[in-house]
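Numbering (the numbering used here), first residue to last: 2 to 341. We treat Cβ as the ideally placed atom computed from N, Cα and C, and that holds for glycine. Here's the structure we're looking at; comments come further down.
Structure follows, in structure tokens:
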């Protein structure tokens, strides 16, 4: 999954650099005269490539890298300020280097550099604000609210994952409210990596639980939702010593994964969110209860197992038919090897 994330990230950087190069060429073309068209277009292209590459590289590998906790745990205004300063440095370097390479006189370009730098810095600040808004609401919710996709409820097929902390009630009493909140924040930070790498979207944090969703095709492709669950377990195992030292506990989770039809739509006025409703959500909650009752760490519904590819990279085994509260028929469930 890490290699897939690297490939996807590098492709995104390449596309952003290409788009920036095209924009730079267009700007160079607009400001060029007949005598300088080649030089201006070339400078615009190089400027676009440098700015696009440097800004996107710093974003993906520093500011939006869930492994760099210092950046992600900074207060919002500090993170936005730092990002804007770094991006402005990238913009300044991107504008200056091509001019130096072409040997153009700096004194003739003062106005050009100042005007373009101010415009670029304003754009950088706007993009920084947009990125943090997307992180606050979630990428999918931000896109949906802007485009109005869920202004009217619609039916969608989704994969739904519930991850619930084991023993959180007793832990909350022992740690106290503030320390327990910090604990949940650290766990959520750890979960961000496997969720992002498997193209998942955090639908909601509910107390000590997190709900993650995928469109059906993405959630079953290469067993993405299952690998997300395994990744959650692995990262908690890997960071057990950190939690033991800081909170005197080693967090463990139960995960339930199901798929089916949900009704998705906007709810609220002053504070909007995308709500997912329907039997699929209720059944996933029942499967999480089954995981608790049966002592399993990862439990899959039969519907999900039937939708997964034949090769998912781990073994599963059938569980006894489970009689869930509020369900007429018993649930056919499957357990996953935690370290699969």
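Compare the C-beta of residue i against all C-beta atoms of chain D and say whether one is closer than 8 Å.
i, result
"residue 40", "This model lacks chain D altogether; it includes just one protein chain."
Report all residues from its chain with a CB closer than 6 Å to the CB of residue i; omit the five preceding and five following residues, and keep chain order.
i, result
"residue 142", "275"
"residue 324", "331"
"residue 292", "255, 257 and 300"
"residue 248", "184"
Taking the Cβ atom as the reference point for each residue, do residue i and residue j lie within a distance shorter than 8 Å?
i, j, result
"residue 258", "residue 234", "no"
"residue 313", "residue 224", "yes"
"residue 129", "residue 81", "yes"
"residue 210", "residue 165", "yes"
"residue 159", "residue 263", "yes"
"residue 154", "residue 266", "yes"
"residue 25", "residue 55", "no"
"residue 22", "residue 46", "yes"
"residue 86", "residue 59", "no"
In the structure shown, what three-state DSSP assignment does residue i receive?
i, result
"residue 235", "helix"
"residue 320", "coil"
"residue 1", "With the chain covering only 2 through 341, there is no way to say anything about residue 1."
"residue 66", "coil"
"residue 76", "coil"
"residue 151", "coil"
"residue 332", "strand"
"residue 218", "helix"
"residue 103", "coil"
"residue 205", "strand"
"residue 341", "Confidence at residue 341 is low in this model, with a pLDDT of 46, below 50, so its placement is unreliable and no value can be given for it."
"residue 228", "helix"
"residue 167", "coil"
"residue 1", "Nothing about residue 1 can be reported from this structure: the residues present for the chain run from 2 to 341 only."
"residue 240", "coil"
"residue 1", "The structure shown has nothing for residue 1, since the chain only spans 2 to 341."
"residue 313", "coil"
Which same chain residues, not among the five before or five after residue i, have their C-beta less than 8 Å away from its C-beta?
i, result
"residue 327", "283 and 287"
"residue 127", "none"
"residue 146", "138, 267, 273 and 275"
"residue 125", "56, 84, 85, 88, 89 and 92"
Here's a check: name, in chain order, each residue in its chain whose Cβ is nearer than 7 Å to the Cβ of residue i, leaving out the five neighbours to either side.
i, result
"residue 229", "162, 195, 196, 199, 201 and 213"
"residue 289", "163, 165, 255 and 257"
"residue 65", "none"
"residue 48", "25, 95, 96 and 99"
"residue 268", "274 and 276"
"residue 156", "262 and 264"
"residue 1", "For the chain, the structure presents residues 2 to 341; residue 1 sits outside this window and is missing."
Express the C-alpha separation of residue j and residue i in angstroms, rounding to a whole number.
i, j, result
"residue 16", "residue 280", "40 Å"
"residue 321", "residue 167", "22 Å"
"residue 272", "residue 84", "27 Å"
"residue 221", "residue 305", "8 Å"
"residue 347", "residue 319", "Residue 347 lies beyond the residue range present for the chain, which begins at 2 and ends at 341; the question has no answer from this structure."
"residue 171", "residue 137", "29 Å"
"residue 53", "residue 278", "40 Å"
"residue 51", "residue 92", "8 Å"
"residue 333", "residue 238", "29 Å"
"residue 236", "residue 44", "45 Å"
"residue 337", "residue 302", "11 Å"
"residue 216", "residue 131", "24 Å"
"residue 181", "residue 251", "13 Å"
"residue 341", "residue 246", "In this prediction, residue 341 scores a pLDDT of 46, lower than 50, which makes its location untrustworthy; the coordinate-derived value is nonetheless stated afterwards. Going by the C-alpha atoms only, they are around 27 Å apart."
"residue 1", "residue 29", "Outside the modelled stretch of the chain, which goes from 2 to 341, sits residue 1, for which no answer is possible."
"residue 285", "residue 307", "16 Å"
"residue 188", "residue 206", "11 Å"
"residue 102", "residue 204", "49 Å"
"residue 133", "residue 149", "20 Å"
Any heavy atom of the ligand FMN closer than 7 Å to the beta-carbon of residue i?
i, result
"residue 314", "The ligand FMN is not part of this structure, which contains no ligands at all."
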